[in-house]
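Going by mature numbering (1 follows the signal peptide of the UniProt record, and there is no 0), the letters in the sequence shown line up with residues -30 to -1, 1 to 158, in that order.
Heads up, the thing below is written out as structure tokens.
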Amino acid sequence: MHSSSLRFSLSLNFSLLLFCGATFFSSAMAGLAALEALTEQLYDFIQSMEDDGIVDYHFKDCYNMKEANGPFLFIELVPTYISDSETTLEEMTTELDQPLVNFKHLEQLCTRLKGGTSCIGACRVATSCGELRRAAIARNKDNCLLRLEMIKGDFSILRNKLEAFLEVTDMILVRLERRIVTNDYQGC
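Listed below in structure tokens is the structure:
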């Protein structure tokens, strides 16, 4: 190969490499910006739930535990919490549908729901659980029925917010997966 052909070939390869690198860098920066925007949206969403009194600072603490325990901890915790809470609410409803209510059992169910709810920082539902427990201690079935309806309403709001939260989290994970795949296949 002549030296001029070699120079042209090297120049062409270098130009192609620069183009590929610039394209990848530009794409990576756009992907990073989108990822940062989604993450900011997620934290804004958490803050709005705090501002609305649906959750307290424990929710953010629980979410941030993923840093130490892996990124999927909280994502796995939320559906489990929702499922367990729905089961407990069904048990409470069944208990209060009985002609003779076992108020001790109802108290235990309240404690179970409040415990799980408090752990993730769902303060509104936790407060409602405390009110139902007090009504159960007072053996007031009518007040228990009223308080259970309040819990169900608060839980419905919380569940909808948590499901929306998980959707944003899923979008972030999809972006991260794309970035990993893109980084694995950096060639043009």
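Quick reminder that beta carbons are idealized off the backbone N, C-alpha and C, glycines included.
Just so it is clear, the structure is predicted and the values come from calculations on it, not from any experiment.
Express the C-alpha separation of residue j and residue i in angstroms, rounding to a whole number.
i	j	result
N72	P49	29 Å
G85	L79	10 Å
K74	I142	44 Å
L59	L66	11 Å
R109	F44	37 Å
K30	Q17	9 Å
I52	A3	32 Å
N113	M35	37 Å
Measuring alpha carbon to alpha carbon, tell me which of the options ends up nearest residue i.
i	options	result
M62	E119, F44 and S88	E119
C89	A105, Q17 and V25	V25
K131	E6, N113, D54 and E20	E20
Q68	F42, R104 and K111	K111
A105	E77, S126, K122 and R129	E77
L136	L47, Y27, D22 and G23	L47
D140	F42, T87, L115 and R117	F42
Does the beta-carbon of residue i have 16 or more other beta-carbons within 10 angstroms, so that it is buried, or is it exposed?
i	result
I107	exposed
L70	exposed
S55	buried
F125	buried
Review point. Are three or more beta carbon pairs between the region 87 to 104 and the region 10 to 18 nearer than 8 Å?
Key: No, the region 87 to 104 is not in contact with the region 10 to 18.
Point to revise | Length-filtered (4 minimum) alpha helix (DSSP H) runs lying within the region 85 to 132 | key: Listed in chain order, the complete alpha helix (DSSP H) runs (minimum 4 residues) inside the region 85 to 132 are 93 to 107.
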